[in-house]
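Take a look at the structure below.
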Amino acid sequence: GVSAAAGTNNLNSVMLSHYFGGFVVVVLWSVWTARRHLIAVFRHALGRPSNLDDREEIISYRTALFCLVACMVYITGWLAMSGMAFHVILIFLATLFILFLGIARIVAETGLAYLDMPVNANEFTVGLIGSGNLTPNSLVSLALANVYARNWRLFSMSSLSHLLYGVKAIGATHMRLFGTLCMAGGVGLVTVIVWTIYMGYNPHQITTFGGAGDGTGAAGVGYIQVIVTWMKNKTVISSIEQLFFGAGVLIAGVLTALRYYFPAWPLHPIGYAIAGSNVVRVVTFSIFLAWLVKTIVLRCGGVSLYKKTQPIFIGMLSGYVLMVVIASIVDAVWFPGQGHSIHTW
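In this note's numbering, the protein residues as written are 15 to 359.
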């Protein structure tokens with residue numbers, strides 16, 4: 015049909031490229047609207063006069079700028095040492111940070127607990143440049159980037175947006191929070207290293223946690239096989255995917271303009287940007303159900319009743335998480351090697 019003639023038979027990739035166009039517009043427009051604040055932050059970090067006060071931030075602006083520069087140098091050097099060409103690094107990191115910033119921005123504004131990416135940064139980079147134009151070293155490095163380029167629910171930027179909001183609500187100090195975050199990061203790092211080494215010597219234990227979604231078993235084989243696929247087949251973004259990406263940019267741009275010129279405009283460009291997200295498709299009913307309950311509560315008892323009912327729903331979420339933890343422990347202790355899939359999307 016039309017898709018085959020245009021160079022692709024994957025309609026899902028066409029749809030995702032379309033919504034990714036809208037996603038890029040939302041991110042770039044967010045950066046543009048915040049340009050004056052970002053310039054002021056850089057000036058403040060460099061010791062220039064400004065009217066900003068970073069004493070209530072989790073770290074100072076100067077520390078944040080130093081960490082940003084240091085991390086970018088480290089990441090670039092690490093990717094170069096892994097075999098990735100410099101021009102590929104630039105495209106890959108640009109795509110990656112657009113996705114990271116966009117997810118954090120959208121999660122913070124919409125209130126979603128988490129959000130997956132419309133595309134994977136490594137796969138988009140391969141498609142944009144073309145696998146035939148990439149060296150084997152670059153392809154291997156991009157394929158192994160799956161470990162951080164497509165991690166759907168563990169982006170620290172979006173998690174921190176929720177955390178900082180919660181800290182503000184309870185009145186805790188941000189500096190104390192920073193120390194706690196460092197401790198949690200250290201514990202998490204040690205846990206992941208020990209877990210990975212342990213699973214390398216005990217692969218049969220993977221089934222204890224309902225499969226091999228962590229990449230250590232059968233599901234992880236696909237991350238390696240994609241290298242062979244890229245090398246044997248010249249992967250590139252098709253013409254129809256380019257067309258739909260451009261259409262996504264245009265539509266999201268129009269929605270953004272309508273939102274700013276007509277305050278009563280009901281359609282938000284963020285909704286368009288994440289419409290193709292798997293998470294949104296899964297939780298759509300839950301979102302509308304939550305809106306319905308919230309509307310009923312507000313109409314029946316106003317804001318006071320709404321605040322009184324909040325602990326109920328927070329308790330429901332906390333109870334669910336607690337039971338998942340307990341069930342995982344029970345599976346690991348009493349059903350080793352034959353556990354059950356307890357929590358999915």
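Glycine residues also receive a C-beta, built at the ideal position from the N, C-alpha and C atoms.
Within its chain, find whatever has a CB closer than 6 Å to the CB of residue i; leave out the 5 residues flanking it on each side and keep chain order.
i, result
"Q352", "none"
"V181", "L191"
"H58", "S64, L66, Y75"
"L272", "W279"
Short of 7 Å in beta carbon distance, which residues of its chain neighbour residue i, apart from the five on each side in sequence? Order them along the chain.
i, result
"L303", "none"
Please name the residue in the options whose C-alpha comes closest to that of residue i.
i, options, result
"T124", "S318, Y334, F258, V294", "V294"
"V133", "K321, E255, H354", "E255"
"N65", "A54, G35, L195", "A54"
"I72", "L93, P63, L195", "L195"
"L178", "E70, D130, F80, R164", "E70"
"A127", "S173, G146, V102", "S173"
"S74", "K308, L60, W92", "L60"
"S170", "L129, I207, L264", "L129"
"T358", "V296, V307, L312, M86", "V296"
Work out the CA separation of residue j and residue i for me, nearest whole Å.
i, j, result
"T109", "Y33", "15 Å"
"V339", "V83", "38 Å"
"S332", "G199", "22 Å"
"R49", "L107", "21 Å"
"M98", "Y162", "15 Å"
"F56", "T77", "11 Å"
"G229", "T205", "Residue placement at G229 cannot be trusted, given a pLDDT of 48 that sits under 50; what the coordinates show is reported in the next sentence. Cα to Cα, the separation comes out at about 16 Å."
"W305", "W92", "45 Å"
"L281", "N147", "40 Å"
"Y237", "A157", "6 Å"
"F349", "S355", "12 Å"
"H51", "L42", "15 Å"
"I328", "S44", "30 Å"
Kindly give me the distance between the Cβ atoms of residue i and residue j, rounded to whole angstroms, as I take these residues to be in contact under 8 Å.
i, j, result
"N136", "N151", "Incorrect: roughly 14 Å between the Cβ atoms, too far for contact."
"T249", "V140", "6 Å"
"F259", "S96", "About 28 Å separates the two Cβ atoms, so there is no contact after all."
"V38", "V263", "7 Å"
Are the Cβ atoms of residue i and residue j separated by less than 8 Å?
i, j, result
"I112", "L142", "no"
"I120", "I288", "yes"
"L153", "W244", "yes"
"G290", "M29", "yes"
"Y320", "V311", "yes"
By Cβ distance, which residues of its chain are closer than 8 Å to residue i, with the 5 residues on each side in sequence left out?
i, result
"V40", "G116, R119, I120, A266, T270, P283, I284, A287"
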